[in-house]
Structure formats: structure tokens, C-alpha cells
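**Q** With the numbering used here as the guide, the letters of the sequence shown map in order to residues 1112 to 1650.
Even glycine gets a Cβ: it sits at the ideal position worked out from N, Cα and C.
These figures come from a predicted structure and were not determined experimentally.
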Amino acid sequence: MKERRVKRLGENSAAALLLLSTVAAILWANSPWGNGYFGFWSTPIGLSFGEFNAQLTLREFVNDGLMTFFFFVVGLEVKAQFTIGELTERSRAAVPVLAAIAGLILPALIFLLFNPSGDEARAWGVVISTDTAFLIGALAIIAPKYPARLRTFLLTLAVVDDVGALLAIALFYSEHIDPVPLAVAAGLLITLVFVRYLPASARGPAYSMLALALWLALHAGGVHATLAGVAVALVVPVFTPERQRVEAAVDVIRAFRQSPNSEYARAATRSLRESISINERLLTSFAPYVSFGILPFFALANAGVRLDAETLRLAVSSPLTWGVIVGLVVGKLVGITGATWSVHRLGMGRLAPGLTLRRVAGGAAVSGIGFTIALFIVDVAIEDERSADLARVGVLAASVIAFVVGWATFRITDRLTPPVPVGLKLVRPIDPARDHIRGRADAPLMLVEYGDFECPFCSRATGSIDDVLAYFGDELCYVWRHFPMERVHPRAMDAAHASEAAAVQGKFFEMAATMFEFQDYLEWEHIYRYADQVGCDIA
1112 MKERRVKRLG ENSAAALLLL STVAAILWAN SPWGNGYFGF WSTPIGLSFG EFNAQLTLRE
1172 FVNDGLMTFF FFVVGLEVKA QFTIGELTER SRAAVPVLAA IAGLILPALI FLLFNPSGDE
1232 ARAWGVVIST DTAFLIGALA IIAPKYPARL RTFLLTLAVV DDVGALLAIA LFYSEHIDPV
1292 PLAVAAGLLI TLVFVRYLPA SARGPAYSML ALALWLALHA GGVHATLAGV AVALVVPVFT
1352 PERQRVEAAV DVIRAFRQSP NSEYARAATR SLRESISINE RLLTSFAPYV SFGILPFFAL
1412 ANAGVRLDAE TLRLAVSSPL TWGVIVGLVV GKLVGITGAT WSVHRLGMGR LAPGLTLRRV
1472 AGGAAVSGIG FTIALFIVDV AIEDERSADL ARVGVLAASV IAFVVGWATF RITDRLTPPV
1532 PVGLKLVRPI DPARDHIRGR ADAPLMLVEY GDFECPFCSR ATGSIDDVLA YFGDELCYVW
1592 RHFPMERVHP RAMDAAHASE AAAVQGKFFE MAATMFEFQD YLEWEHIYRY ADQVGCDIA
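If you want it as C-alpha cells, here you go:
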């Protein structure tokens, strides 16, 4: 819980810093030193070596260079979610995934209703993406009651949203395609796949050099070079921590504790690091720099729009500005809420317990905050600077309106139908014929544990149950329900099956206590021995 609170505090702080950078950019651009703002970000920087000369403006360096790391982090998160995260279970992911797709398509269609042709029509991609950092920050500021399930829903939706935005950039915002550099990029990408087989000490330099070469190849090939970050992220391995590697790390740490020296210290550090996938290590390393460095720098470089009387006058009557505002605010709200209702009504997916359509509507309204990728696409889709300013005004206005609409939606719906915290009411009533019970089934107090025999936290909790039962006596009914987390604990399902076999012989809790005592040893050869110890008939 403490780690989760620290993570959320970091996310909220990153969103606050992003907001401060946005306000600073707007104030700078509209101050007496406004010309200096545009002149500073137009400053040329480059690298010369003999006849070779590469040059970018400072803004292009931020947007095309530093933002590669942002897309790299997004790619790592996307792969982790699809491989070991929320999006691995179809039933759980169906609703937010389909809602996200609707939230990508409908805003673009609304934008095209306002801008059906001309150069402005090309900017439809501005309205498709939600800014995850601002979304989480806005949710923290609004503070709806019991937001945990809604937050998970919105984060899952944001992952699919990011995938759609990345595909749009790759397919529709890359120009002047040159097949030769792209063929080189394909070869580099194949090479990156095999980096995982190099010795651990060589992987970091190999990934770095090949990633830089891939960025240069994509830039030369006419594809937006920031996609190099996504491409590298998608080939980086991701896996859940393996019990065997974790146990090996524990052995090394135990050896270091018994004989502290630099050799054991290095071995322990290396063993702990290698027990976690490269994806997770890179995500943990890069994410803070992206959230607290690159994104605020990006906002400072791109959010500076002149809000003079002429720009605001043009924005009021501009189809481009209104297309962005209506696309983000109305498109996200109607698309996400409507798709959620349809998917749930048709039985194609289920909402998590405690998550209602009204709460989804509040989250959908806040999802109209489009910032980072929206401003990014403004820069690559619109060449005329005046039109780009009008689109930026639309993005900023839509973000403010979406926040206000989301706040109002949560306040009204929470007052009309106060949400109930998850866990206050059981989804399935207690069934003595199915559940494993200690104490009276009709006791006034009930404690239900969803447990995993290979989970050390479950072991600690279950070990305290005797004290709790002794304290409350007949007033408490304790219920055990299985929740084996197979992706993390590969032997938990076998242990659950064994406990059910013991339950048939009236030995469930005796078998459970023994398996918790020796939960590091849950192979079948051990389980048979435990069953014999508690008096089960093995045959």
C-alpha cells in the first residue's frame, strides 16, 4: 500500500509539473519577451563531422529526439500490459479496449465533420489521444469516491489509446518514404530481437547503439523517427519474475549476509536485477526522467501559443479550433460511454465490481484532456503556423472544458447514487457446501480471504487467523476462497487442487496450514508428503 501511494504521489507530481510548464509556456509566449520564446525554440543546433552536417532546431530536437524516450516508455508499458498485465485476460480487457477504440474513432469523425477537406482535415489525429499523465492528475484532483477500479479501467483504456495514436503517427504522419533506409531499419530491428541472447554486460551497450542507428535509419527513411522508441520497446523481453530466479537471488543475499564482501555484493545486485525482466528494469529507470524532465520540457516547447486578440477572434469562428474542442470533449465522452454501455449490454464484456456506467461517464469526460500527443500531432500535421496556433488553442480549451465536465459529472452522479466500496458486499453469497469455513456460518461478523498458497503475504495473513478467531469467538465466521495467481506463482493452482482433494477427506485446513508452512516447496512430491502427514489417504 505504501508503494502504491508513493507511485500515485509521483504521478500527481508529474501531472502538476506538466501543468506548470504549460502555464509557463503560455505566459512566456504572451509576455513582452514573447518573441524571445519563439526565437529560443527556433535556435539551430547540430553536429558536424567533416562533410557530414546534421542540424535541427531546438524544438525539433525536443519533438523528434527527446520524445523518442517518451514513446519508448509508452511502448514498454503497452507490451507489459498485453503480455503480463490487465490486457492478457480477454474478459477483463474487453470493455476498456472496445471503449478505447470507440474513443479513437468518434472524435476523429467529429473533427472531420468540422473540417471535411483542405489542409486542416489532415489534423484529425490531434483529437484521438488522451494524455495519461493529465488524466491521472485530474482524477486525483477531482477525487471521486473509491476510484481504484475506475483508475484501472482508465489506465487500460489509455494503453489502447496510446497504441492507436502510435499507429496513426506511423501510418498517416510519415512522409517522403525512402525504402533503402527503411530496409536498413528492418535489419536493425531484427538484430535487436537477438540482443537478449548476449551476455548481460553487453546488452545495454548493444541496445543503445542499435536504437540510435534505428532512429537515424527511420529519420532518413521518412518515417517519424520517434517511432524508433516504440520499435525498440516492443522487442525488449518482458516476463513475470520466475520463482527459481528469485530463490537464487535469496541464496546469494543470504551468502552476502553471512560473509559481507564486494564480490557477494555485486553477485547479489546482479542476481536481483536479472530476476526482473528487462522491460520492467528499463521502465523503472526511464519513466521518472520522462515524467519529470522530457514531458515538462516538451510542454514548454509546444504549449506557447499567442493568445492575442487576433488569435482568439479567429479561434472563436475557426472550424479547426471547434473541431478539436468538440472532437475531444464530446467525442471522448460519447464514444467511451456509449461503447461501454453497448459492450456491457450485449454481454461482450463485464464491468469490474463497483464500476458503474455513471462512473465510466465521468472518466470518459476527463479523457477529453488531450495534450502531449495532441500537441505532438499539431506540430507534424499542420505546416501553417497560424493554423497550428488555432489547433493549440483548441487543445488547451478542450483540456480545461473536459476537466470541468468530468468534475461536474462525478459530483452529480456521486450525489445521486453514492458509490459502494468494493468488498463491502460479496459478489457471491457464502455457501457452506462450497466455501471453506471456520466458525458459525450465521455469525454476525464475517471475514473472507481470497488466498494463494504460494503467496507469502497470504501466509502471514492466514497465520493470524487463529488469533482473530480466538478474540471474536463465535461472533466471527472465517471463509477461505481460492485465488491462485498462476502468472506469479506457478505452483499455486496445483496446491489449490491438492487442498480440495484434502477437503473431500475433511482435512482442508490442516493441509492448508502445512502448505503455507512449507510454501517454498510445493512440487507434487512435496504435496504428497504433506497430505500423508495430515492423515489423508493418498490413493
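Please state whether the Cβ-Cβ distance between VAL1538 and ARG1592 is less than 8 Å.
**A** Taking 8 Å as the Cβ cut-off, VAL1538 and ARG1592 do not qualify as a contacting pair.
**Q** Who are the near neighbours of PHE1091 in its chain, counting only those whose CB is closer than 8 Å to its CB and skipping five residues on each side?
**A** Since the first residue shown for the chain is 1112 and the last is 1650, residue 1091 is missing from the structure and cannot be characterised.
**Q** Write down the C-beta distance between ALA1108 and LEU1246 rounded to the nearest angstrom, noting that I regard them as a contact closer than 8 Å.
**A** Not covered by the structure: residue 1108. The range shown for the chain is 1112 to 1650.
**Q** Only counting the same chain, and skipping five residues up and downstream in sequence, which positions put a Cβ closer than 7 Å to that of ASN1390?
**A** So the qualifying residues of the chain are LEU1187, LYS1190, ALA1191, VAL1347, PRO1348, VAL1349.
**Q** Pair every Cβ in the stretch 1555-1572 with every Cβ in the stretch 1619-1634, then say whether three or more of these pairs are closer than 8 Å.
**A** With the cut-off at 8 Å, the stretch 1555-1572 and the stretch 1619-1634 touch.
**Q** Need the endpoints of the beta strand (DSSP E) that VAL1590 sits in, please.
**A** Segment 1587-1593, the beta strand (DSSP E) holding VAL1590.
**Q** Is PHE1482 closer than 8 Å to ASP1175 when the C-beta atoms are compared?
**A** Going by C-beta atoms, ASP1175 is not nearer than 8 Å to PHE1482.
**Q** What do you reckon, are the CB atoms on VAL1306 and LEU1282 nearer than 8 Å?
**A** No.
**Q** Tell me the rounded alpha-carbon separation between LEU1209 and VAL1454.
**A** Cα to Cα, LEU1209 sits roughly 8 Å from VAL1454.
**Q** Can you tell which of PRO1258, GLU1171, PHE1264 has the C-alpha that lies nearest to the C-alpha of PRO1207?
**A** With distances taken between Cα atoms, PRO1207 lies closest to PHE1264.
**Q** Between GLY1505 and VAL1435, how many whole angstroms is the CB-CB distance? I'm expecting something under 8 Å.
**A** Yes, GLY1505 and VAL1435 are in contact; Cβ-Cβ is about 3 Å, under 8 Å.
**Q** Just checking, does the stretch 1247-1263 make contact with the stretch 1512-1531 on the three C-beta pairs under 8 Å criterion?
**A** Touching, per the Cβ criterion.
**Q** So the candidates are VAL1173, SER1478, LYS1256; which of them puts its Cα closest to the Cα of ASP1272?
**A** When each option's Cα is compared against that of ASP1272, the closest is SER1478.
**Q** From this set, ARG1260, ARG1470, PHE1149, ASN1372, which residue's C-alpha is nearest ALA1519's C-alpha?
**A** Nearest option by C-alpha distance: ARG1470.
**Q** Compare the Cα-Cα distances from PHE1367 to each of ARG1392, ALA1379, GLY1473 and report the closest residue.
**A** The option with the nearest alpha carbon to PHE1367 is ALA1379.
**Q** In or out: TRP1433 buried (at least 16 other Cβ within 10 Å) or exposed?
**A** That one is buried.
**Q** Kindly indicate which residue of HIS1547, ILE1480, THR1524, ASP1525 has the alpha-carbon position closest to the one of ARG1503.
**A** Comparing Cα positions, the closest option is ILE1480.
**Q** Which residue from ILE1576, SER1570, LEU1345 puts its Cα closest to that of MET1653?
**A** In the structure as shown, the chain begins at 1112 and stops at 1650. Residue 1653 is therefore absent and cannot be evaluated.
**Q** Can you say whether GLY1147 is buried or exposed, counting buried as having 16 or more other CB atoms within 10 angstroms of its CB?
**A** Classification of GLY1147: exposed, given that the 10 Å Cβ count is below 16.
**Q** Have a look at ILE1541, ALA1508, ALA1623, ALA1614 and flag the residue whose alpha-carbon is nearest the alpha-carbon of ARG1571.
**A** Considering only alpha carbons, the answer is ALA1623.
**Q** Can you list, in chain order, the residues of its chain with a C-beta nearer than 8 Å to that of ILE1156? Leave out the 5 residues immediately preceding and following it.
**A** Within the same chain, ILE1156 has close Cβ partners GLN1166, LEU1167, THR1168, LEU1169, PHE1172.
**Q** Can you tell me the Cα-Cα spacing of ARG1497 and GLY1150, whole angstroms?
**A** Approximately 16 Å, taken between the alpha carbons.
**Q** So ARG1522 is in the alpha helix (DSSP H); what residue range does that whole segment cover?
**A** That run of the alpha helix (DSSP H) goes 1496-1527.
**Q** Would you call the stretch 1129-1137 and the stretch 1405-1422 touching, i.e. three or more CB-CB distances under 8 Å?
**A** The answer is yes - the stretch 1405-1422 touches the stretch 1129-1137, with three or more Cβ pairs under 8 Å.
**Q** Exposed or buried, which one is ILE1649 when buried takes at least 16 other CB atoms within 10 Å?
**A** The residue is exposed, with fewer than 16 neighbouring Cβ atoms inside 10 Å.
**Q** Taking Cβ positions, are ARG1417 and ASP1500 nearer each other than 8 Å?
**A** Result yes, Cβ atoms of ARG1417 and ASP1500 sit closer than 8 Å.
**Q** Can you look up ARG1549 in the DSSP assignment and give me helix, strand or coil?
**A** Residue state, collapsed to three classes: strand.
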